[in-house]
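Going by the working numbering, 87 is the number at position 87 of the sequence shown; the sequence numbering is gapless. Beta carbons: idealized from backbone N, C-alpha and C, even for Gly. What follows is a single structure, written as structure tokens, with notes after it.
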Amino acid sequence: MLREEINKALEVLKNGGVMLYPTDTIWGLGCDATNAEAVDKLLKIKNRPADKSLIVLLDVDSKLQSYVTEIPEVAYDLIEYAENPLTIIFSGAKNLAPNVINADGSVGIRIVKHDFCTPLLQRFRKPMVSTSANLSGQPSPKYFDDIDPEILEAVDYVVDFEQENRTHKKPSTIMKLSPGGQFEFIRK
């Protein structure tokens, strides 16, 4: 069943669609982070202003260099030793859809460790957008059942995995990392 869901999600990503899927944190809306049209579609579903930042997921830290111009060495230690999901905001984003990159040229990236996301990203071989599965301004859903029906109807695919999961998950810790290695917490 998991393999089938990964295959279906992979087709959605390849075809520029938007999916609703479980992550290592909360349920997310996702699409190909290199496809500007797919990102626009996701922003419309979420009714989110284009200037609000998005998070990008990767399966391994060795892919960071493909999407960030300068990676401070400390980034690898932070990723390796983080006990909870950690999103790092890097300066100098590259090779991503322009509407994924913040106005200041930065991007938030999380190396995901999850039974669904990791194998999907390995097969997709590109980064994926991950944003909470709620309409802009509404609270993030803690569980699948909390997701607004408007979102369920608007996405191209709803992943049938972990929908019954009642483990309390929360959004990732967000840390901004400067090219010189200084960091500050944005969300703990």
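- Burial is judged here by how many other beta carbons sit within 10 angstroms of a residue's own beta carbon; residue 132 has at least 16 and is buried.
- In the three-state scheme derived from DSSP, where H, G and I count as helix and E and B as strand, residue 125 is classed as coil.
- A Cβ-Cβ separation of about 5 Å places residue 171 in contact with residue 25 under the 8 Å criterion.
- A Cβ-Cβ contact shorter than 9 Å links residue 120 with residue 6.
- If you look at residue 86, you'll find it isn't in any alpha helix (DSSP H); it sits in the beta strand (DSSP E) that goes 86 to 90.
- It is roughly 30 Å from the alpha-carbon of residue 139 to the alpha-carbon of residue 67.
- The C-beta of residue 177 has 16 or more other C-beta atoms within 10 Å across all chains shown, which makes the residue buried.
- Spanning the alpha carbons of residue 160 and residue 145 requires a straight line of approximately 13 Å.
- With fewer than 16 other Cβ atoms from the protein chains shown falling within 10 Å of its own Cβ, residue 69 counts as exposed.
- The C-beta of residue 175 has 16 or more other C-beta atoms within 10 Å across all chains shown, which makes the residue buried.
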